[in-house]
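To keep things clear, I will list the structure first and then write my remarks on it.
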Amino acid sequence: MIKRIAASILPGLLKHVPRNIKVLYPFYLAGQLDVAEETHHSPALPEAFDGLTLAYASDIHFGPLFTPAQATALYETLLGMKTDLLILGGDFGDVLANSIRFFELIPAFPEHLKVFAVLGNHDYGKRNEPVAPLLSAMRMKNVIPLVNQCQAIVRDGKRLLVCGPDDFRCGRPDFAPLIAEVLEDDFVLFIPHSPDVLPQADREGFRYHLALCGHTHGGQIVLFGRSLHSSSIYKDRYRSGWYKEGGQDILVSNGVGTSILPMRLGARPQVHKLYLRTQL
C-alpha cells in the first residue's frame, strides 16, 4: 500500500521541486543510473580469460516503483555494454509475480551472450510460493538460473566457473554441490544475491576468487556513512563497494531499484561493467 501511494503521488510533487533539489532527492532513478566501469585484476584468472568483460545488475524490484519503461531501458543499457557475460543478481521484482512479469516483459537476450542469474528474497514472494514459473520465464529469455548450481565457461581448456547458491534468507543455500563442481585450476565467480551468505560459505569450505553480490542497495538511504536501515544481518559490514576477506575479492552493488520508498541518498543506483585481467 505504501509503495502504491508513493508511486502515485511523488511524480506530481516532484514536478514542482527545483531541479537542484531533485538531484539531492532522487526518487525516480532511471535517468540517474550509473554504469560503474572497473578493471579487476586477479593472478588466478587463466590467461584464456584475460580481457573478459562482464556486466552485473541486481535488485531491480520491478513493480509499482520500477515501471515497464524503466525495465526496457535497463535491458537496452545492459545490451549496450557489449560484454561477454551478464550476471543478474536477483530481486527482479518486488514480489514473485512481478519478478515473473519482468522476464515476460523484456526481450530475450541474444544467444551469443551468456546470462546467468540467481534468486533473491523478493523472488520467493511472501509465502514461499513455488519459483518454478519464474525459472521457466527466465529460461525463455535465454537466462540460465543457478540454484545451488555451477556452470563452466571453457576457453582453451581452462574454466571460469560461475556458481550461484540459493537465497540466504528465503531459500536453502547448499554448498556441497558447489564444492563438488570446483576443479583445482578453475577461476570461481561466486554470485550470491546477498553477501550475508559469505560467512557461511567460508565456514563450509567453499572458496572463490571473486564474489558479486547485491541485496543491500548500498544502504539506499545513507547518512554520515551509515545505512539508515540495513537489510543485512551484518549491518554495514558489506554495505557497498569492494571488500577482501580471506584473500577473496567481493563486490557489493548498490543495485538498480528501490524498496519501500522510491528514494535514495548517498547510494546511487548502479550497474557494473568489469574488465577481468590476469595481471596489473
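For the sequence shown, counting from 1, position 118 maps to 1208 in our numbering; every step adds exactly one. Heads up, the beta-carbon is just placed ideally off N, CA and C, and yes, glycines get one too. Computed from a predicted structure; not experimentally measured.
Nearest-angstrom Cα separation, counted from residue j out to residue i
i     : j     : result
E1271 : Q1338 : 18 Å
S1132 : L1302 : 15 Å
T1167 : H1319 : 29 Å
Q1160 : D1184 : 14 Å
S1313 : V1346 : The residue asked about is misnamed: residue 1313 is Leu in this sequence, not Ser. Looking at the two C-alpha atoms, the distance is approximately 19 Å.
T1173 : Q1310 : 27 Å
D1213 : G1336 : 30 Å
L1351 : R1367 : 38 Å
Q1360 : V1125 : 6 Å
F1139 : R1245 : 7 Å
L1224 : L1186 : 8 Å
H1130 : D1326 : 23 Å
G1293 : L1236 : A small correction: the amino acid at residue 1293 is Arg; Gly does not occupy that position in the sequence shown. Roughly 21 Å between the two C-alpha positions.
M1171 : E1201 : 16 Å
L1119 : G1315 : Below a pLDDT of 50, predicted positions are generally treated as unreliable, and L1119, at 46, falls in that range; the measurement from the model is reported next regardless. Roughly 21 Å separates the two Cα atoms.
R1354 : G1179 : 19 Å
R1191 : R1358 : 25 Å
F1156 : T1162 : 11 Å
Y1333 : L1169 : 27 Å
G1153 : I1234 : 23 Å
G1215 : L1142 : 35 Å
A1134 : L1370 : 12 Å
Residue i - DSSP class collapsed to helix/strand/coil
i     : result
Q1290 : helix
T1162 : helix
A1227 : helix
G1345 : coil
H1202 : coil
Y1118 : Any answer about Y1118 is weak, because its pLDDT of 48 lies below 50 and its placement is not dependable; what the coordinates show is given next. Three-state result, Y1118: coil.
S1189 : helix
D1124 : strand
H1130 : strand
A1301 : strand
I1269 : helix
L1313 : strand
G1337 : coil
G1261 : coil
K1248 : strand
G1215 : coil
Beta-carbon spacing of residue i, residue j below 7 Å
i     : j     : result
P1255 : N1238 : yes
D1275 : L1251 : no
S1148 : G1304 : yes
L1144 : L1341 : no
P1136 : K1248 : yes
S1330 : N1344 : yes
V1208 : H1307 : no
P1158 : L1195 : yes
D1257 : G1295 : no
N1232 : F1199 : yes
V1287 : P1263 : yes
I1177 : I1243 : no
C1253 : L1273 : no
A1222 : F1193 : no
Proximity winner among the options, relative to residue i (alpha-carbon distances)
i     : options                    : result
Q1382 : G1336, G1183, F1265, T1173 : A question about residue 1382 goes unanswered here, because the residues of the chain that appear run from 1091 up to 1370.
T1348 : H1151, H1130, L1142        : H1151
R1259 : E1294, A1198, I1323        : I1323
E1127 : Y1146, R1297, A1138        : Y1146
C1240 : D1246, Y1298, G1261        : Y1298
P1285 : Y1328, W1332, C1253        : Y1328
F1206 : R1191, K1216, M1230, G1261 : M1230
D1356 : G1179, W1332, P1197, S1317 : Looking at the sequence itself, residue 1356 is Gly, so the reference to Asp does not match. Among G1179, W1332, P1197, S1317, the Cα nearest to that of G1356 is on S1317.
Residue-chain proximity (residue i, chain B), Cβ-Cβ < 7 Å
i     : result
S1132 : Annotation note: the requested chain B is absent from the structure, which comprises a single protein chain.
Opposing strand residues paired with residue i [DSSP bridges]
i     : result
G1331 : V1342
Y1146 : I1177, H1362
I1234 : F1206
A1253 : Sequence check: residue 1253 is Cys here, not Ala. BP columns for C1253 point to C1240, F1280.
F1156 : G1153
L1355 : I1311
G1183 : F1152
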